[in-house]
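In what follows, a structure is listed as structure tokens, so that the remarks can point back to it.
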Amino acid sequence: MSGKFPKKISLGLAIMMTDVYQTPIIVAEGIYSEIKGFFSEMTRGRKELPFNTINPQSANTNKLGRPKQFNNAGFRFAGKY
67 MSGKFPKKIS LGLAIMMTDV YQTPIIVAEG IYSEIKGFFS EMTRGRKELP FNTINPQSAN
127 TNKLGRPKQF NNAGFRFAGK Y
């Protein structure tokens, strides 16, 4: 048995492991998701939070939907952030 056979197998496995045939699909999916994200950011409302599409935040409710602990106007950190 020649010494070329193990080299051919290792080269074939190396090419298979790099997934060269999937690279265009991975790149296309990345570009598609970036464009989709761009247009979703362009169309979202000004008061809408980008990381929370439900956005339960109001004057008495915080970002997580829980009641704010410091709602009174006398508290020094009560202003909008």
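90 is the number that this note's numbering gives to position 24 of the sequence shown; each next residue is one higher, with no gaps.
From the three backbone atoms N, C-alpha and C, an ideal C-beta is built for every residue, glycine too.
Computed from a prediction, not measured in an experiment: that's the story for all the values here.
Shown here, Pro72 sits in a helix according to DSSP, grouped into three states.
A direct Cα-to-Cα measurement between Asp85 and Val93 gives close to 13 Å. Taking C-alpha positions only, Lys70 is separated from Glu95 by approximately 38 Å. The beta carbon of Lys134 sits closer than 7 Å to the beta carbons of Asn126, Thr127, Asn128 from its chain, once the five residues preceding and following it are set aside; these are given in chain order.
In this structure Gly111 is not in contact with Pro122, their Cβ atoms being roughly 14 Å apart against a cut-off of 8 Å.
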